[in-house]
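The structure appears below as structure tokens.
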Amino acid sequence: MKILVPIKRVVDYNVKVRVKSDQSGVELAGVKMSINPFDEIAVEEAVRLREAGTATEVVAVSCGISASQETLRNALAMGADRAILVETDAELQPLAVAKLLQAVAEREQPQMVICGKQAIDDDANQTGQMLAALMGWPQATFASKVVIDGAVVRVTREIDGGLETIELKMPALVTADLRLNEPRYATLPNIMKAKKKPLEVLAAAELGVDITPRLRHVRHAEPAARKGGVKVADVAELVNKLRNEAKVI
Amino acid sequence: MKTLVIAEHDNSRLATATLNAVMAATRFEGEIDVLLAGHGCEAAVAQAQTLAGVTRVLKVEAAHYAEPLAENLAALVQQVASTGGYRAVLFGASSFGKNIAPRVAALLDVAAVSDVVAITAPGRYERPIYAGNVMVNIESEQALDVLTVRTTAFDAVAEGGSAALEELAAGPDLALSRVIGRELSKSERPELGAAAIVVSGGRGLGSGENYHAVLEPLADALGAALGASRAAVDAGFVPNDYQVGQTGKIVAPGLYVAVGISGAIQHLAGMKDSKVIVAINKDPDAPIFQVADYGLVADLFEAVPALTSSL
Ligand SMILES: Cc1cc2nc3c(=O)[nH]c(=O)nc-3n(C[C@H](O)[C@H](O)[C@H](O)COP(=O)(O)OP(=O)(O)OC[C@H]3O[C@@H](n4cnc5c(N)ncnc54)[C@H](O)[C@@H]3O)c2cc1C
Ligand SMILES: Nc1ncnc2c1ncn2[C@@H]1O[C@H](COP(=O)(O)O)[C@@H](O)[C@H]1O
Chain G
102 MKILVPIKRV VDYNVKVRVK SDQSGVELAG VKMSINPFDE IAVEEAVRLR
152 EAGTATEVVA VSCGISASQE TLRNALAMGA DRAILVETDA ELQPLAVAKL
202 LQAVAEREQP QMVICGKQAI DDDANQTGQM LAALMGWPQA TFASKVVIDG
252 AVVRVTREID GGLETIELKM PALVTADLRL NEPRYATLPN IMKAKKKPLE
302 VLAAAELGVD ITPRLRHVRH AEPAARKGGV KVADVAELVN KLRNEAKVI
Chain H
36 MKTLVIAEHD NSRLATATLN AVMAATRFEG EIDVLLAGHG CEAAVAQAQT
86 LAGVTRVLKV EAAHYAEPLA ENLAALVQQV ASTGGYRAVL FGASSFGKNI
136 APRVAALLDV AAVSDVVAIT APGRYERPIY AGNVMVNIES EQALDVLTVR
186 TTAFDAVAEG GSAALEELAA GPDLALSRVI GRELSKSERP ELGAAAIVVS
236 GGRGLGSGEN YHAVLEPLAD ALGAALGASR AAVDAGFVPN DYQVGQTGKI
286 VAPGLYVAVG ISGAIQHLAG MKDSKVIVAI NKDPDAPIFQ VADYGLVADL
336 FEAVPALTSS L
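Which chain is which? The protein sequence lines are G and H, in order. The working numbering applies: residue 102 is where the first sequence begins, and numbers increase by one. The working numbering applies: residue 36 is where the second sequence begins, and numbers increase by one.
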């Protein structure tokens, strides 16, 4: 069984982003980029399934600029077997990514795709569900446990009220939530080995899908900052302020 | 400008997120239809008919809508949305809406807009990105937009309406997935997303036992819902649905009390629109103090019991 893992290169989660002065987007020059944390979890899950003998091959795929090769090498160092970059300099919105991934999935014929639940830059939480729709596959979003059992996969999902377990017919799409696993660190020998693993580059234009953005992001701004508050000396002062100043208790 | 709101429900009651989504739909200033697919869902349908501003409730009854499975529901919504002359399809940005809306959008070959916090005109939306550190204005020229709306940004609509009822034929049962289990956390407390006061605990509590022993009496005294940071959930102090933040619940109560929480941006993303924020933390430099209206630098194991007993 082959598993495809779509991964995105994003601004590292520790970076405090700044809006460009012309409001056209956020400043990316000189900013630390990393693999999207949810995608790291997705790679880990796929690699564990291969280590357990359930999966036979893990293919990491990323859509975007040439520098995304670095991100793919990360996934290879974690244990993915090979990687595909769908290269383009164009702005990619989730529907376009889903269409590119669909083209790759049709070529690769995986039995399962494990996406991250959301990219921490656009916070869209859309691509996996869109890809499942385009493929006509069942989907299990926000997974915290994945068990493959013959032709079905049972997935425990984090939902608003607690947890839900659903059973999907394969091929199926899963999106990884934070508690699915704890990703391993890539060891130095594995980072070295990853340099020799196959990484194929496809031009997005050759896949014959329409990736034109459907929405315009016209203005970016930082949200109104909260006014800094005060420190209170003790519990009595806190209670007094909450009662008489804020009037919330 | 007709809009379609997709109802989230358990066949007997609507989820509050749906009441917020109907409020968001009123911004389009046209007729609002609510699509409610379920099984034995008369009570939920009757409730939907009472929502202020709703013109029609479109009821679809079938055994394969007993559970809100993405594949069956998205196929149905696609069919209704593409034939009804709608300008937008709206979902609350709950786990239900986030699961299904993008699937609907892809079936309709349109972009989806997630976590909308403002609708200034049809096709003009505002939403947060980068864990709420950036707000972006979006323009859509699509004939039909699919939106999930952030529930804290739109009030729940009132009751008092009397929408017409229309029954629609069910879509196919694709039989691609089924629910085999559900563990819902039971609580007598107010719902986290809708509570007026939230008491949240972080890693500083040290254990699940401490979390309950220290925070429950305070939450009881305040009539508050309980929340948590990701670190507290990951460490197993409380179940996953307590998590507040970028990837958990978004809350905006009148009062948010953060106890033993450092204030990582991913946590702030879920609570910084609260009206009044109180932070109790022993580290005077904890970033949570930068957003707190009232900060108390103290050991929580002394401060919280003292606070509880003085209420
Ligand atoms: C992709 C991604 C998504 C994330 N999503 C979320 C999310 O949705 N929600 C979320 O919360 N986090 C999220 N996180 C995690 C986030 O980055 C932080 O790791 C997390 O919020 C830290 O939780 P904490 O404040 O409880 O723990 P810590 O950062 O460890 O803080 C504990 C605090 O307790 C204080 N403390 C300790 N003992 C005491 C005492 N006796 N009295 C008083 N104070 C004490 C300490 O001074 C410290 O400030 C996410 C991270 C990533 C990478
Ligand atoms: N450019 C991309 N290349 C590969 N995978 C992506 C890309 N963008 C998004 N994804 C996948 O889709 C998931 C959800 O992203 P999003 O819908 O943008 O929040 C991510 O966690 C990735 O698994």
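Every residue, glycine too, gets a C-beta built ideally from N, C-alpha and C.
Counting only Cβ pairs nearer than 9 Å, list the residues of chain G close to L39 of chain H. Looking up residue 39 of chain H in the second sequence gives position 4. Result: empty, since nearest Cβ-Cβ is about 18 Å, beyond 9 Å.
Any C-beta of chain G under 8 Å from that of V184 of chain H: In the second sequence, the residue the question calls residue 184 of chain H occupies position 149. No, no contact with chain G.
Is any beta-carbon of chain H found at less than 8 Å from that of K297 of chain G? Numbered from 1 along the first sequence, position 196 holds the residue referred to as residue 297 of chain G. No - not a single Cβ of chain H is within 8 Å of the one on K297 of chain G.
Nearest to K328 of chain G (by Cα), restricted to the options H:Y329, H:K37, H:L335: To locate residue 328 of chain G, count along the first sequence from 1; it is residue 227. Among H:Y329, H:K37, H:L335, the Cα nearest to that of K328 of chain G is on H:Y329.
For I260 of chain G, which three-state DSSP category applies? Stepping through the first sequence from its first residue, residue 260 of chain G is reached at position 159. Note: I260 of chain G maps to strand in three-state DSSP.
What are the residues that DSSP puts in a beta bridge with N172 of chain H? Within the second sequence, residue 172 of chain H is the residue found at index 137, counting from 1. Looking at the DSSP assignment, N172 of chain H forms a beta bridge with G:R320, H:E161.
Quick one: is the Cβ of A87 of chain H within less than 7 Å of any heavy atom of ligand 2? On the second sequence, position 52 is the one that residue 87 of chain H refers to. It does not: the Cβ of A87 of chain H is nowhere closer than 7 Å to a heavy atom of ligand 2.
Short CB-CB distance (under 8 Å) between V138 of chain H and chain G: Residue numbering aside, residue 138 of chain H sits at position 103 when the second sequence is read from its first letter. Reading the sequence as shown, one finds Arg at residue 138 of chain H and not Val. By this cut-off, R138 of chain H is an interface position.
According to a CB-to-CB cut-off of less than 9 Å, which residues of the stretch 310–331 of chain H neighbour chain G? K310, V311, I312, V313, A314, I315, P319, F324, Q325, V326, A327, D328, Y329, G330, L331
Could you check what DSSP says for H44 of chain H in three-state terms: helix, strand or coil? Against the second sequence, residue 44 of chain H aligns to sequence position 9. Three-state result, H44 of chain H: strand.
Would you say the beta carbon of F139 of chain G is closer than 7 Å to some non-hydrogen atom of ligand 2? On the first sequence, residue 139 of chain G is found 38 positions in, with the first residue counted as 1. Yes, the Cβ of F139 of chain G comes within 7 Å of a heavy atom of ligand 2.
Heavy atom of ligand 1 less than 7 Å from the Cβ of V279 of chain H, yes or no? Numbered from its first residue, the second sequence carries residue 279 of chain H at position 244. The answer is yes for V279 of chain H.
Would I267 of chain G pass as an interface residue toward chain H - the criterion being a Cβ-Cβ separation below 8 Å? As a first step, residue 267 of chain G must be located in the first sequence, where it is residue number 166. By this cut-off, I267 of chain G is an interface position.
Determine, for V310 of chain G, whether the minimum Cβ-Cβ distance to residues of chain H falls below 8 Å. Translated into the one-based positions of the first sequence, residue 310 of chain G becomes position 209. Closer than 8 Å: no.
Cβ of K103 of chain G within 8 Å of Cβ of E209 of chain G? Along the first sequence, read from residue 1 onward, the residue named residue 103 of chain G stands at position 2. Along the first sequence, read from residue 1 onward, the residue named residue 209 of chain G stands at position 108. Yes.
Taking Cβ-Cβ distances shorter than 9 Å, what residues in chain G pair up with E201 of chain H? Walking along the second sequence from the start, residue 201 of chain H turns up at place 166. Under the 9 Å cutoff, chain G gives no residues; its nearest Cβ is about 26 Å from E201 of chain H.
Nearest-angstrom Cα separation, counted from A143 of chain G out to S122 of chain G: Along the first sequence, read from residue 1 onward, the residue named residue 122 of chain G stands at position 21. Along the first sequence, read from residue 1 onward, the residue named residue 143 of chain G stands at position 42. Between S122 of chain G and A143 of chain G, the C-alpha separation is close to 35 Å.
Of all Cβ atoms in chain G, is any one closer than 8 Å to the Cβ of E133 of chain H? The residue given as residue 133 of chain H occupies position 98 in the second sequence. The amino acid occupying residue 133 of chain H in the given sequence is Lys; Glu does not appear at that position. Answer yes: the Cβ-Cβ gap between K133 of chain H and chain G drops below 8 Å somewhere.
Using a beta-carbon distance below 8 Å, is P324 of chain G in contact with chain H? Position 223 of the first sequence, counted from the first residue, corresponds to residue 324 of chain G. P324 of chain G counts as touching chain H.
Output yes or no for whether 8 Å exceeds the beta carbon distance between A109 of chain H and V184 of chain H. Residue 109 of chain H sits at position 74 when you count from the first residue of the second sequence. Residue 184 of chain H sits at position 149 when you count from the first residue of the second sequence. Not in contact: A109 of chain H and V184 of chain H (Cβ atoms no closer than 8 Å).
Can you tell me whether T67 of chain G sits near ligand 2, meaning its C-beta is under 7 Å from at least one heavy atom of the ligand? Here chain G comprises residues numbered 102 to 350, so residue 67 of chain G is not present and cannot be evaluated.
Report yes if the C-beta of D278 of chain G is less than 7 Å from at least one heavy atom of ligand 1; otherwise report no. Indexing the first sequence from 1 puts residue 278 of chain G at position 177. Checking the Cβ of D278 of chain G against ligand 1 gives no.
Which residues in chain G sit within 8 Å of Y165 of chain H, going by Cβ to Cβ distance? Position 130 of the second sequence, counted from the first residue, corresponds to residue 165 of chain H. Within 8 Å Cβ-Cβ: V112, V118, V127, I221, D222, D224.
Relative to the C-alpha of D208 of chain H, which candidate in H:N107, H:I154, H:E194 has its C-alpha closest? Taking the second sequence and counting its residues from 1, the one referred to as residue 208 of chain H is at position 173. Considering only alpha carbons, the answer is H:N107.
If you drop the 5 nearest sequence neighbours on each side, which residues of the same chain put their C-beta closer than 8 Å to that of V205 of chain G? Taking the first residue of the first sequence as position 1, residue 205 of chain G is located at position 104. So the list reads L105, V162, I185, V187, L303, L308, once near-sequence residues are dropped.
Exposed or buried, what is G258 of chain H when buried is set at 16 or more other beta-carbons lying within 10 Å of its beta-carbon? Working through the second sequence from its first residue, we reach residue 258 of chain H at position 223. By the 10 Å Cβ count, G258 of chain H comes out exposed.
Against chain H, with Cβ distances strictly below 8 Å, would M231 of chain G count as a contact? Counting from one through the first sequence, the residue named residue 231 of chain G turns up at place 130. Cβ-Cβ to chain H under 8 Å: yes for M231 of chain G.
Below 7 Å, is the gap between the Cβ of F126 of chain H and the nearest heavy atom of ligand 1? The residue labelled residue 126 of chain H in the question sits at position 91 within the second sequence. Incorrect: F126 of chain H has no Cβ contact closer than 7 Å to ligand 1.
Is R285 of chain G near ligand 1, with its Cβ less than 7 Å from a heavy atom? Taking the first sequence and counting its residues from 1, one reaches residue 285 of chain G at position 184. R285 of chain G: no, Cβ never under 7 Å from ligand 1.
Kindly confirm or deny that the stretch 277–284 of chain G and the stretch 130–140 of chain H touch, where touching means at least three C-beta pairs closer than 8 Å. no
Residues of the stretch 268–298 of chain H whose Cβ lies closer than 8 Å to any Cβ of chain G, in chain order: V268, D269, P274, N275, D276, Q281, T282, K284, G289, L290
Would you say L339 of chain G lies against chain A (beta-carbon separation less than 8 Å)? As a matter of chain content, chain A is missing from the structure shown, whose protein chains are G and H.
Looking at L240 of chain H: is its Cβ nearer than 8 Å to the Cβ of F272 of chain H? For the purposes of this step, residue 240 of chain H is taken as residue 205 along the second sequence, with counting starting at 1. For the purposes of this step, residue 272 of chain H is taken as residue 237 along the second sequence, with counting starting at 1. Contact flag set, yes.
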